[in-house]
Amino acid sequence: MDARPIDSRPIEGRPVAPRPEARNPGPRPQRRPEPRRPDPRRPDPRGPDTRRPDQRRPELGASRRPDRGGALTISDLLHEGQEILVQIAKEPIAKKGARITSHIALPGRFIVYMPTVNHIGVSRKIPNDAERVRLKRIVTMLRDREGATGGFIARTACAGVSEQELADDVRYLVRTWTDVRKKTERVKAPALVHRDLDLVQRILRDQMSDEFTAIRIDNEVEYARIVEFVNRVQPKLVNRVKLYTSDQPILEKYGVQAEIDKAVRPRVWLKSGGYIVINQTEALVAIDVNTGKFVGKSDKLEDTITRTNLEAAKEIVRQVRLRDLGGIIVLDLIDMEERKNRQKVMMALQQELSHDRSPSKILSINDFGLVAITRKRVKQSLER
Numbered sequence: 004m005d006a007r008p009i010d011s012r013p014i015e016g017r018p019v020a021p022r023p024e025a026r027n028p029g030p031r032p033q034r035r036p037e038p039r040r041p042d043p044r045r046p047d048p049r050g051p052d053t054r055r056p057d058q059r060r061p062e063l064g065a066s067r068r069p070d071r072g073g074a075l076t077i078s079d080l081l082h083e084g085q086e087i088l089v090q091i092a093k094e095p096i097a098k099k100g101a102r103i104t105s106h107i108a109l110p111g112r113f114i115v116y117m118p119t120v121n122h123i124g125v126s127r128k129i130p131n132d133a134e135r136v137r138l139k140r141i142v143t144m145l146r147d148r149e150g151a152t153g154g155f156i157a158r159t160a161c162a163g164v165s166e167q168e169l170a171d172d173v174r175y176l177v178r179t180w181t182d183v184r185k186k187t188e189r190v191k192a193p194a195l196v197h198r199d200l201d202l203v204q205r206i207l208r209d210q211m212s213d214e215f216t217a218i219r220i221d222n223e224v225e226y227a228r229i230v231e232f233v234n235r236v237q238p239k240l241v242n243r244v245k246l247y248t249s250d251q252p253i254l255e256k257y258g259v260q261a262e263i264d265k266a267v268r269p270r271v272w273l274k275s276g277g278y279i280v281i282n283q284t285e286a287l288v289a290i291d292v293n294t295g296k297f298v299g300k301s302d303k304l305e306d307t308i309t310r311t312n313l314e315a316a317k318e319i320v321r322q323v324r325l326r327d328l329g330g331i332i333v334l335d336l337i338d339m340e341e342r343k344n345r346q347k348v349m350m351a352l353q354q355e356l357s358h359d360r361s362p363s364k365i366l367s368i369n370d371f372g373l374v375a376i377t378r379k380r381v382k383q384s385l386e387r
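Each residue of the sequence shown is one higher than the last, beginning at 4 in my numbering.
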């Protein structure tokens with residue numbers, strides 16, 4: 004081996020790292036041009052940025068210090084030992100830890116209170132413009148009247164409700180936030196300062212309406228607790244809470260257990276004889292559609308396939324909601340040759356998903372007959 008001395012003397016004040024000679028050096032990698040820094044002598048054509056540092060988007064240069072014109076970094080906002088108030092935005096799923104946020108959101112029956120965001124909004128699922136204007140006006144007035152800071156979102160359930168019902172909800176949420184702040188000042192981190200309602204109470208808060216004929220509870224302690232809760236949020240429905248005392252288990256009596264058993268099976272049969280197969284993985288949920296025993300009454304295979312896909316579309320959305328599936332959901336529909344039939348199936352999927360409370364987005368059928376759906380996931384699915 005030929006050993007040669009390597010000159011590592013500085014060139015123009017910058018030391019050059021030792022580098023062995025290469026016989027066949029490849030093409031030099033192109034250097035990415037550095038972003039041009041703003042000239043302080045030239046005014047920004049967009050005008051001065053009047054936003055607070057925490058409101059600015061982390062655009063190009065976010066890793067730079069604020070005094071150099073960039074956005075704040077996480078180290079500029081937080082330091083070791085600092086106590087902050089956070090909320091769990093998404094439960095831990097599989098190997099992923101919980102997602103937390105400092106933007107607190109307190110949901111009520113009709114209103115969501117966001118103490119750290121200055122915004123008044125209305126759910127996009129309320130299509131009537133006049134109703135949206137009415138709700139925004141009432142919520143804005145209630146915020147000023149209660150002397151509350153932050154923002155409010157009118158939920159879908161508040162469409163058509165009275166001003167008094169909205170006022171009660173706003174007052175309850177403001178009082179809850181006041182209690183949270185007081186407890187935060189008393190305790191030392193880490194500590195739990197507020198817990199949302201349990202599953203039964205959340206269902207009653209979000210779903211209970213005049214259409215409920217009865218609410219049956221098979222436990223005396225739970226029955227008394229639910230009566231107290233309903234009397235607080237919907238006093239006119241408290242008489243519909245019933246204590247179940249039969250010897251037959253309540254889940255078997257009303258067929259709930261059978262539905263739970265079916266909800267954890269991968270194969271779901273359709274009424275026509277076709278079936279769908281649901282497989283969950285770490286990356287996504289795959290749902291396959293098959294004709295199965297269904298041969299159809301028409302001689303045209305396309306008609307049989309379309310009817311199976313239409314029936315499967317309705318059942319797929321039902322299973323997604325029942326099992327609380329989220330993330331990326333890929334549907335492997337049976338291939339349809341005619342464009343109008345593919346449009347029918349897409350419209351059926353969109354119609355069924357419009358009734359889902361969780362935000363979702365559906366993409367068009369591709370050349371392989373696959374449809375991708377994204378659905379917000381905040382907790383573990385029923386199967387897991």
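In this text, a Cβ means the ideal position worked out from N, Cα and C, and glycines have one as well. Small disclaimer: the values here were computed from a predicted structure and weren't measured.
So residue i packs on residue j, CB below 8 Å; how close in whole Å?
i      : j      : result
Val177 : Ala151 : 5 Å
Arg270 : Val236 : Not quite, the Cβ-Cβ distance comes to about 40 Å (not below 8 Å), so this is no contact.
Leu336 : Asn312 : 5 Å
Ile365 : Leu373 : Not quite, the Cβ-Cβ distance comes to about 12 Å (not below 8 Å), so this is no contact.
Val183 : Gly153 : The Cβ separation is near 12 Å, so there is no contact.
So, is residue i buried or exposed, given that buried needs 16 or more other C-beta atoms within 10 angstroms?
i      : result
Ile290 : buried
Asn282 : exposed
Gly100 : exposed
Phe371 : exposed
Ile229 : buried
Met339 : buried
Ile103 : exposed
Ile279 : buried
Arg198 : exposed
Ala194 : exposed
Pro46  : Model confidence at Pro46 stands at a pLDDT of 47, short of 50, so the residue's coordinates are unreliable; what they give is reported in the following sentence. Exposed is the call here.
Gly277 : buried
Gly258 : exposed
Ile263 : exposed
Thr294 : buried
Leu304 : exposed
Ile308 : buried
Ile206 : exposed
Ile218 : buried
Ala157 : buried
Arg127 : exposed
Arg310 : buried
Leu138 : buried
Do residue j and residue i have their beta-carbon atoms positioned less than 7 Å apart in this structure?
i      : j      : result
Ala375 : Val348 : no
Ser105 : Val115 : no
Val142 : Phe155 : yes
Thr284 : Ile331 : no
Leu145 : Val164 : no
Arg342 : Ile368 : no
Gln210 : Phe232 : no
Ala192 : Glu86  : yes
Ala266 : Leu325 : yes
Glu314 : Ser275 : yes
Val196 : Lys185 : no
Ala162 : Glu134 : yes
Of the choices the options, whose alpha-carbon is the least far from that of residue i?
i      : options                           : result
Ala108 : Lys245, Pro193, Pro118 and Leu169 : Pro118
Leu356 : Leu336, Val323 and Gly330         : Val323
Asn222 : Gly329, Arg205 and Ile253         : Ile253
Glu214 : Leu240, Val196 and Glu231         : Leu240
Leu287 : Asn293, Thr76, Leu334 and Tyr175  : Leu334
Gly329 : Asp359, Pro110 and Arg268         : Asp359
Pro362 : Leu336, Val320 and Asp199         : Val320
Ile129 : Asn121, Phe113 and Val120         : Phe113
Val244 : Gln251, Ala227 and Glu255         : Ala227
Asp171 : Ile365, Arg148 and Asp182         : Arg148
Glu225 : Pro238, Tyr247, His122 and Leu325 : Tyr247
Ser212 : Ile308, Asp79, Ala160 and Glu94   : Ala160
Ile96  : Met350, Gln354 and Asp327         : Asp327
His2   : Arg140, Asn131 and Asp132         : Residue 2 lies beyond the range of the chain shown here (4 to 387); nothing can be said about it.
Leu200 : Ser249, Glu166 and Thr179         : Thr179
Look up residue i in the DSSP assignment and say whether it is helix, strand or coil.
i      : result
Tyr257 : coil
Lys93  : strand
Asp201 : coil
Thr377 : strand
Asp2   : Since the first and last residues shown for the chain are 4 and 387, residue 2 lies out of range.
Thr104 : strand
Val196 : coil
Ile164 : Note that residue 164 is Val in the sequence shown here, rather than Ile. Residue state, collapsed to three classes: coil.
Ala266 : helix
Pro61  : For Pro61, the pLDDT reaches just 41, beneath the cut-off of 50, and the residue's location in the model is therefore unreliable, although a value from the coordinates is still provided. Of the three classes helix, strand and coil, the one that applies to Pro61 here is coil, per DSSP.
Gln283 : strand
Val271 : strand
Met117 : strand
Pro238 : helix
Phe371 : coil
Asp209 : helix
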